[in-house]
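Plus 330 on top of the position in the sequence shown (first one is 1) and you've got the numbering used here. See below for the structure under consideration.
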Amino acid sequence: MANHKSALKRHKQSLVRNARNRAMKTRVKNAIKAVREAVTLGDKEKATVALKAATSVLDKAATKKVIHWRNAGRKVSRLSVAVSKLG
């Protein structure tokens, strides 16, 4: 554990950021799971709504640098292809 005042502050900040990033990653995983479940059920309307929500969550995670922007783009692309195949 850190002994200097500034090091203690940095440690506390890292714990807060770690919790925030973990929450964002969980949100991303849940959004992706919702789209995939709708696709497996074959529900086009539900999948489209879930895709819109997932795109928003992924873009926000990429903006906050929780995940890489290319990773977010790839996930959005693959999910939208899966939803469009339902048509």
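All C-beta atoms in this analysis are idealised placements derived from N, C-alpha and C, irrespective of residue type, glycine included. Since this is a predicted model, take the numbers as computed values, not measurements.
Which residue from the options puts its Cα closest to that of residue i?
i    : options                : result
I362 : K415, S410, S414, L416 : S410
V406 : K415, T370, R347, K382 : K382
K415 : V387, A377, A384       : A377
E367 : V346, R340, A380       : A380
Report the rounded CA-to-CA distance for residue i versus residue j, giving the unit in angstroms.
i    : j    : result
A364 : K355 : 14 angstroms
Q343 : D389 : 24 angstroms
V467 : L345 : Nothing can be reported for residue 467: it is not among the residues displayed for the chain, which extend from 331 to 417.
K359 : A337 : 33 angstroms
Which word fits residue i, buried or exposed, when buried means at least 16 other C-beta atoms lie within 10 angstroms of its C-beta?
i    : result
A353 : exposed
Rounded to whole angstroms, how far is the Cβ of residue i from the Cβ of residue j, which I believe are closer than 8 angstroms?
i    : j    : result
A392 : A402 : 4 angstroms
A332 : H341 : 5 angstroms
N351 : V396 : 5 angstroms
Check: Can you list, in chain order, the stretches of the alpha helix (DSSP H) that have 4 or more residues and sit fully within the segment 346 to 417?
Finding: 374 to 393, 399 to 414
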